[in-house]
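The next block holds one structure in the form of C-alpha cells; read it before the comments.
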Amino acid sequence: MVTQYLATNDGKYLFMLMMVMMGVTTMTAKALYDQGTQWFEPEADNYMPLIGTAEGLEGFSEQSTLPGEQIINFSEEDRWMMSYRQGGSGDWKASKEGAAGYFLVTVDGKPYWADAIGKSRSLLIKYRRTNEKQRQYRAFSFEHY
C-alpha cells in the first residue's frame, strides 16, 4: 500500500490517504483536488481512505474551519434561486460564512473539499423543501459527505 501525504504548496503536511500501490508519495492538496480524488464518500468515484491528519489541522490558515452547525444554519436561510449563482449570497464556497474561497475546509475537525460540503448543503435544502413538516434534517451527519 502507498501512503499519500498531502501538503500545502509550501510543503506543510495536512493529511494522508491510503492508495493501492506500493511506497510513499507526497503531493499538494491542490494537485489531489485537480485530479478529483476524495476520501469522504467510499461509494463515490476516486475514493482513497483517510488514514491520518496533521495535529491541529483545524487551526491551519491554509484552509477554512467550520463547525457543522454553521453549514446547517447557512443552508436554512431562505434565498432566491438566483442567489446560488457563483458569487451570489447563497454561494457557500465564496461566502465568508462558508468556505470563504478556500477549496479545502475542515468540518468538526475533518478535512473535506469545499465543493463536497457545498453539495451537502444543497442536499439539506432539497430535503427541507420536500419535508417541510419534518424538521429532522439537523441530524444530518457529515461523516458520509
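Taking the numbering used here, the leading residue of the sequence shown gets 5, the next gets one more, and so forth.
Backbone N, C-alpha and C define an ideal beta-carbon position, used for all residues, glycine too.
Three-way DSSP call (helix, strand, coil) for residue 106 in this model
Position 102 of the sequence shown, counting from 1, holds the residue named residue 106. Coil at residue 106, not helix or strand.
So, helix, strand or coil for residue 91, using DSSP?
As a position in the sequence shown, residue 91 is number 87, starting the count at 1. Coil, per DSSP.
Using the three-state DSSP reduction, which class does residue 52 fall into: helix, strand or coil?
As a first step, residue 52 must be located in the sequence shown, where it is residue number 48. Coil.
I need the boundaries of the alpha helix (DSSP H) containing residue 74, first residue and last residue.
Taking the sequence shown and counting its residues from 1, the one referred to as residue 74 is at position 70. 72 to 80 is the span of the alpha helix (DSSP H), which, as asked, contains residue 74.
Starting from the Cα of residue 116, find the closest Cα among 30, 84, 87 and 40 and give me that residue.
Position 112 of the sequence shown, counted from the start, is the residue given in the question as residue 116. The shortest C-alpha separation from residue 116 is found at 40.
So, for residue 42: in the same chain, excluding its five sequence neighbours on each side, which residues have a beta-carbon less than 7 Å away from its beta-carbon?
By one-based count along the sequence shown, residue 42 stands at place 38. Contacts found: 48, 50, 51, 117 and 120.
Please report the distance separating the alpha-carbon of residue 144 from that of residue 14.
As a working note, residue 144 is residue 140 in the sequence shown. As a working note, residue 14 is residue 10 in the sequence shown. Its pLDDT being 38, under 50, residue 144 is placed unreliably in this model, and the value from its coordinates should be taken loosely. Taking the straight line joining both Cα atoms gives about 35 Å.
Could you compute how far the alpha carbon of residue 113 sits from the alpha carbon of residue 18?
To locate residue 113, count along the sequence shown from 1; it is residue 109. To locate residue 18, count along the sequence shown from 1; it is residue 14. Taking the straight line from one Cα to the other gives about 12 Å.
Please identify the residue among 109, 97, 7 and 86 whose C-alpha is closest to the C-alpha of residue 69.
Mapped onto the sequence shown, residue 69 falls at position 65. The residue with the shortest Cα to Cα distance from residue 69 is 109.
Taking all protein chains shown into account, decide if residue 79 is buried (16 or more other Cβ within 10 angstroms of its Cβ) or exposed.
For this step, residue 79 is matched to residue 75 along the sequence shown. Its Cβ being crowded by 16 or more others within 10 Å, residue 79 is buried.
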